[in-house]
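Heads up, the sequence shown is in this note's numbering, so the first residue is 22 and it goes up one at a time. For glycine and all other residues, C-beta sits at the position ideal for the given N, C-alpha and C.
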Amino acid sequence: MSFSNMIMGENGLLAELRYYNTFNERIFAEITNYVGEHLAEWRLNSFIPVSDAVSIFNLINELSGGNRFWNEEVTQRVENAILRLQEMINSLEE
């Protein structure tokens, strides 16, 4: 599954959140693994490919918006996911 599909695809993380109000830990792990595998390259090149950057921006935007239909557990998982992604992206400045 491509990075974009992990996030925005028919079976991606955002689809699970929108349609089923569930946070798929497996897909989120795949997303963070992908980002983690590419951080050194992005830092070295001082560049994130546009397709990856757009996917990351969409993910952070959608997660940050919250949803009144999520239960407390999903809301907590989403908040933790946002913090994890922010840590990873912020590490690019190191």
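Local Cβ density within 10 Å of residue i, reported as buried at 16 or more and exposed below that
| i | result |
| --- | --- |
| Asn45 | buried |
| Ser74 | First, the residue type needs correcting, since residue 74 is Ala and not Ser in the sequence shown. Classification for Ala74: exposed. |
| Ser67 | exposed |
| Leu113 | exposed |
Neighbourhood of residue i by C-beta distance below 8 Å, restricted to the same chain and skipping five residues each side
| i | result |
| --- | --- |
| Glu72 | According to the sequence as given, residue 72 is Ser; it is not Glu. Answer for Ser72: Phe24 and Ser25, listed in chain order. |
| Tyr55 | Phe24 and Met27 |
Through-space distance from residue j to residue i, alpha-carbon basis
| i | j | result |
| --- | --- | --- |
| Ile48 | Leu34 | 6 Å |
| Phe90 | Asn79 | 20 Å |
| Ile52 | Leu106 | 9 Å |
| Ser76 | Glu115 | 22 Å |
| Glu94 | Glu37 | 15 Å |
| Asn111 | Asn88 | 25 Å |
| Pro70 | Met22 | 17 Å |
Cutoff 7 Å; reference residue i; Cβ partners in own chain excluding five residues on either side
| i | result |
| --- | --- |
| Ile103 | Ile81, Leu84 and Ser85 |
Heavy atom of the ligand FMN within 8 Å of residue i beta-carbon
| i | result |
| --- | --- |
| Thr43 | Because no ligand of any kind appears in the structure shown, any question about the ligand FMN cannot be addressed here. |
Cβ-based neighbour list, residue i, same chain, cut-off 6 Å, excluding 5 preceding and 5 following
| i | result |
| --- | --- |
| His59 | none |
Assess contact between the region 62-71 and the region 33-44, defined as three or more Cβ pairs (one per stretch) separated by less than 8 Å. Is contact present? With a cut-off of 8 Å, the region 33-44 and the region 62-71 do not count as touching, because too few Cβ pairs lie within range.
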